[in-house]
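Enquirer: Structure below; questions to follow.
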Amino acid sequence: MIRRPFALAVTFAVAIPAGAATAEPDKGEPSPAGGSAPATLPYRGPVMPGTQPAPPPPLPPRPPPLSPAPARRRDVRGCPVGYDCHDPLEAGLLAFERTAFPGPGASSPWIDPDNADGTDRIRYFGAPIHGPIPRPLGSRESPSESPSPLSIRPDLPWLADIELPDLPIRWHPYLIRYLEFYKTDPRGRALMTSWLRAQGRYRDMIVRELRAANLPTGLLYVAMIESAYDPHNYSRVGASGLWQFMPGAGRVYGLTVNRWVDERNDPVRATRAAVLYFKDLYQRFGDWDLALAAYNGGYGAVLHAMAKYNTNDFWELIRYENSLPWGSTLYVPKALAAAIVGENRALFGFDEVKPEPPVAWATVEVPRSISLKIIARAAGVTEEEIHYLNPQLRRNRTPPGKPYQIRVPAGRARIFAERLPQLRAEWGKYEAYVVHHGERFEDIATVFGLSTSQLMRLNQVDTQAEIHGGTVIVVPRVSEAEKQANRKKAAASLYRADSDDKEAGDDKLIVAVPDPKLTVEGKRQVFYRVVAGDSLYAIAHAFAIKRTDLALWNGLTAEAHLQPRMVLQVWIDPDFDFAAAGIKVLDPSRIQIVASGSDSHLDAVETELGRERFTYTAKKEESFERIGRKFGLTARDLARINRKPPDTVLAPGESCTVYRKRKHK
C-alpha cells in the first residue's frame, strides 16, 4: 500500500467498448480533488490511412447516486426523510422540549444565576467557571459571545487570540487540554503535523461536499480524528474508510458492502454518505455537540443519556456517571480542538506544514471483471497505484457481473483506452457466475475446467465457507458444450460411492431421515445437500419456509451449525421456482431414503463402502482387540460400533456387530 499522492491533472471519463478503444475527456467537470478541468478537443483514437475517424464513444454513466434506506434513516433523524421535523407548526412542542430539557441560555439545576458579579456561573468538575452562558449551539458564535477561555485557563494567554471555526464552540477544560496537547506536547505536535499533511489528499473534495449540503466545513476534521484521511483505514471493531462507517450504517446510507466492493473505503461515496448522516443527526438533535457524540457512540446512546439525566446539554451529560460512553465524552472536544487548530495553524506553530497534493484521478469504465494487475498494465502504472486510488476493491479485481468505473492516475485515461483492448486475450477469457444455493465449490470448478484450488486462487477465497448461494464469482469463459460435459462429471462425483466396482450411473445417495413415511399436505419433497457456509436460516430463507419446520423435518437442533455433505429433506410448494431462487437440489431418482439408524440404513451405508455388516458371536472369551484382528478392525473400531469400552471382553455366547470387507480373506 502506498501513500504517495499523484499530481493534479484533468479528469477524464472514458468508456471502453467491446471493440476498439477510444476516449473523450469530459467537458470541464470538476475533478475529484477540486478545481475545474478545462474542456479539450475530443480524442478520436488511432485513424488508419484511407478510413474515416471513428465516432467518439458515449461517455460512461455517472456513478450511481447513493441509495440509502429511508426507513432506517427515519430511525436516525427521528422523522420521515424529506420532512422538516422542526416545522413552525410544532413550535409549541419545541417550546416544551426547551423547558423540559434546558440547554445553554436557560436556567437549569447545574447553573447558579445567584452570584455577586451578575454573571451566570457554570460548574464543571465541581469547580466554578465564570462567564456568560453562550448562545444556543445551533449557530456560529463569535468570541465576544462565548465564555472566555481565559476564565478557565488564565495561565494560557494565547487562548484569547484563537479564531473560531464554523462549528459552535463551548469552552471546556477538556477542549483546552486537547489544544495544549497539540501546541506543546511533542506527541501531539507530531500527530497533528501528520494529520495536517495528510489532509491535503481529500480536503478540497470533502469541503466541496459539505458546502453543497450547507453543513459546517469544520466537519472536515471529523475525518481527521476518525481515519487520518486514510480511506484504507480499518478499526479493530470493523469500522472502515475515511469516515469509519460500520457495515450496517454504511448500508443504511447507500454504501455497497459485499465480497467484491466495500464502498465505505471509497473516499467520494463515503463522504457523500457521511454528509447524509451528519444532516440526519443534526436534524435529530439540533445541536452539533450532541450530533458529534451520536456519530461516535450511536444516536441511541445519546437519546438514552438525555432522557436519563433530563438535559440536552452535551457538556452537562459528560459530568454524570454512566451517561455517555467514555470515548464519546472525549470525541467531541477532540474533534472541536482539531478544527480550532486547523483554523489557527500559525498560532499553534503548524503554518510551515505543507499538505500533500490533492489526490486526482481519471475515471474509466471496464466492461467486466478485470484484475488490477491488467488495469495497471493498460494504464502504464503500478498495481499499487491502482489499489491506492480504488481502496473500495477488496479482491484485487473489479467486481464481476457488470461494467465498473475504476480510477486510474490522472493523465492515463487515453493510454488506458488504447491498451486495454490489446490485452483482451487476458481479461476477456473470464465471466461472472452466480453461485446457487446448494452448489458445491468443487462442482463449479469442474464445470469450468479448473481445480478447486485454482478457482479459490482466482477469487481470492481462503475457505469455501466464504462462498454461499447468491455470491458472484469469476470463472473462465468456456463453451456450452464443455460446460455440459463437465456438468456430467460433476453430477457423477456427487452421487458416486466410495467403492469403485459400480457404474456412476447406478450410484444412489443414501439419505437418512427421522421418518421416511413423512408427508406434508399440499407440499412436495426435495432434497438439498449442504455446502460449506450454509446455515439453517439461509436455507430456510432460500426455500421460503420456516427454520423451525426445516429443523423438525430433519431432526435438527435449530441453533447448531450445519456441516457440508449433510442432506436435508425440504417440503415446498408444488410450483416453487428453483431457477428464480437460485437453488440446486438433488435428483430424486438417485436418492435412497432410509430411517436414521435403522438396519437398512446401516447395511446400505456399509454396502456403499464395500463392507458387510453382520453379528459375530463369541464361542469363548474374546476381547475386542482379538476379534478386531480377524476382520481388519481395531479395538476402538469395535468400541465405536458397539458403543462399549475398547477393553471389552465377550463371554462365550455374547455377540457384537462387526464390519468386514466383502473380499476379506
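For the sequence shown, the residue numbers in my numbering are 21 to 685.
Quick reminder that beta carbons are idealized off the backbone N, C-alpha and C, glycines included.
1. Going by CA-CA distance only, name the one from 423, 415 and 484 that's closest to residue 83.
2. Can you tell me whether residue 224 is buried or exposed, with buried defined as 16 or more other CB within 10 angstroms of its CB?
3. Since residue 246 and residue 219 are thought to touch, with beta carbons under 8 Å apart, how far apart are those beta carbons, to the nearest angstrom?
4. Any C-beta of chain B sitting closer than 8 Å to the C-beta of residue 648?
5. For residue 254, which residues of its own chain have a beta-carbon under 7 Å away from its beta-carbon, when the five flanking residues on both sides are left out?
6. What do you get for residue 566, buried or exposed, if any count of 16 or more other CB atoms within 10 angstroms of its CB means buried?
7. Taking residue 187 as the reference, give the member of 203, 202, 236 and 637 with the closest Cα.
8. Under the three-state reduction of DSSP, which class applies to residue 532: helix, strand or coil?
9. Could you pull the start and end residues of the beta strand (DSSP E) that residue 559 belongs to?
10. Since I believe residue 406 is in contact with residue 443 (beta carbons under 8 Å), could you give me their beta-carbon distance rounded to a whole number of angstroms?
11. To the nearest whole angstrom, what separates the beta carbons of residue 644 and residue 677, a pair I think is in contact under 8 Å?
12. If you draw a straight line from the C-alpha of residue 587 to the C-alpha of residue 274, how long is it?
13. Quick one: using the 10 Å Cβ neighbour count with 16 as the cut-off for buried, is residue 241 buried or exposed?
14. May I ask you to verify whether the segment 567-586 touches the segment 425-445, counting CB pairs closer than 8 Å and requiring at least 3?
15. Any chance the segment 331-343 sits against the segment 371-383, with 3 or more Cβ pairs inside 8 Å?
16. Does the distance from the CB of residue 414 to the CB of residue 281 come in under 8 Å?
17. So, are the CB atoms of residue 492 and residue 454 less than 8 Å apart?
18. Below 8 Å on the Cβ atoms is my contact criterion, and I expect residue 621 with residue 532 to pass it. Report the Cβ-Cβ distance as a whole number of Å.
19. I want to check one thing, is the minimum distance from the CB of residue 613 to the heavy atoms of the ligand NAD below 7 Å?
20. If you draw a straight line from the alpha carbon of residue 216 to that of residue 368, how long is it in whole angstroms?
21. Beta-carbon separation of residue 252 and residue 278 under 8 Å?
22. From the DSSP output, read off the bridge partner residues of residue 382.
23. Which same chain residues, not among the five before or five after residue 354, have their C-beta less than 6 Å away from its C-beta?
24. May I ask you to list the residues that DSSP assigns as paired with residue 670?
25. Out of 445, 545, 473 and 178, state which residue places its alpha-carbon closest to the alpha-carbon of residue 497.
26. Applying the criterion that 16 or more other CB atoms from any shown protein chain within 10 Å of the CB defines a buried residue, is residue 518 buried or exposed?
27. In whole angstroms, what is the alpha-carbon distance linking residue 505 and residue 480?
28. Here's a check: name, in chain order, each residue in its chain whose Cβ is nearer than 8 Å to the Cβ of residue 271, leaving out the five neighbours to either side.
29. Does the pairing of the segment 538-558 with the segment 627-642 give three or more beta-carbon distances under 8 Å?
30. Using DSSP with H/G/I as helix, E/B as strand and the rest coil, what is residue 170?
31. State the DSSP-derived secondary structure class of residue 331, mapped to helix, strand or coil.
32. Assuming residue 361 contacts residue 309 under a Cβ cut-off of 8 Å, what Cβ separation, rounded to an integer in Å, is found between them?
33. Could you tell me the alpha carbon to alpha carbon distance between residue 61 and residue 384, rounded to whole angstroms?
34. Quick check on residue 464: does DSSP put it in helix, strand or coil?
35. Measure how close the beta-carbons of residue 432 and residue 400 come, nearest whole angstrom, since I'm counting them as under 8 Å.
Expert: With the structure as the only source:
1. Considering only alpha carbons, the answer is 423.
2. When all chains shown are included, residue 224 counts as buried.
3. Not confirmed; about 12 Å, so no contact.
4. Structure shown: chain B not included; a single protein chain is present.
5. Closer than 7 Å at Cβ, skipping near neighbours: 260.
6. By the neighbour-count rule (16 or more Cβ atoms within 10 Å), residue 566 is not buried but exposed.
7. Ranking the options by Cα distance to residue 187, first place goes to 236.
8. Look at residue 532 here: in three-state DSSP terms it is strand.
9. Per DSSP, residue 559 belongs to no beta strand (DSSP E); it is in the alpha helix (DSSP H), 556-563.
10. With a Cβ gap of about 14 Å, residue 443 and residue 406 do not count as contacting.
11. A Cβ-Cβ distance of about 11 Å is found for the pair residue 644 and residue 677, leaving them out of contact under the 8 Å criterion.
12. About 38 Å.
13. Around the beta carbon of residue 241, a 10 Å sphere encloses 16 or more other beta carbons of the protein chains shown; the residue is thus reported as buried.
14. The segment 567-586 is not in contact with the segment 425-445.
15. Under the Cβ criterion (8 Å, minimum of three pairs), the segment 331-343 does not count as touching the segment 371-383.
16. Yes, the pair counts as a contact, with Cβ atoms nearer than the cut-off.
17. Going by C-beta atoms, residue 492 is nearer than 8 Å to residue 454.
18. About 5 Å; that satisfies the 8 Å criterion.
19. The model depicted lacks the ligand NAD and carries no ligand whatsoever.
20. Residue 216 and residue 368: Cα-Cα distance of roughly 12 Å.
21. No, the Cβ-Cβ distance between residue 252 and residue 278 is not below 8 Å.
22. 428, per the DSSP bridge assignment.
23. Here the set comprises 198 and 245.
24. 642.
25. Answer by Cα proximity: 445.
26. Here residue 518 scores only 42 on pLDDT, less than 50, and its place in the model should not be relied on; the value that follows carries that caveat. Under this definition residue 518 is an exposed residue.
27. Going by C-alpha positions, residue 505 is about 27 Å away from residue 480.
28. Non-local C-beta neighbours of residue 271 in its own chain, meaning closer than 8 Å and more than five positions away in sequence, comprise 89 and 277, ordered along the chain.
29. Contact fails: fewer than three Cβ-Cβ distances are below 8 Å.
30. Three-state result, residue 170: helix.
31. In this structure, DSSP gives residue 331 a state outside helix and strand, which the three-state scheme calls coil.
32. The Cβ separation is near 18 Å, so there is no contact.
33. At residue 61, the pLDDT of 32 sits below 50, so the modelled position is not reliable; the number obtained from the coordinates is stated separately. Rounded to the nearest whole angstrom, the CA to CA distance from residue 61 to residue 384 is 18 Å.
34. When DSSP states are grouped into helix, strand and coil, residue 464 belongs to the helix group.
35. With a contact defined as Cβ atoms closer than 8 Å, residue 432 and residue 400 qualify at about 6 Å.
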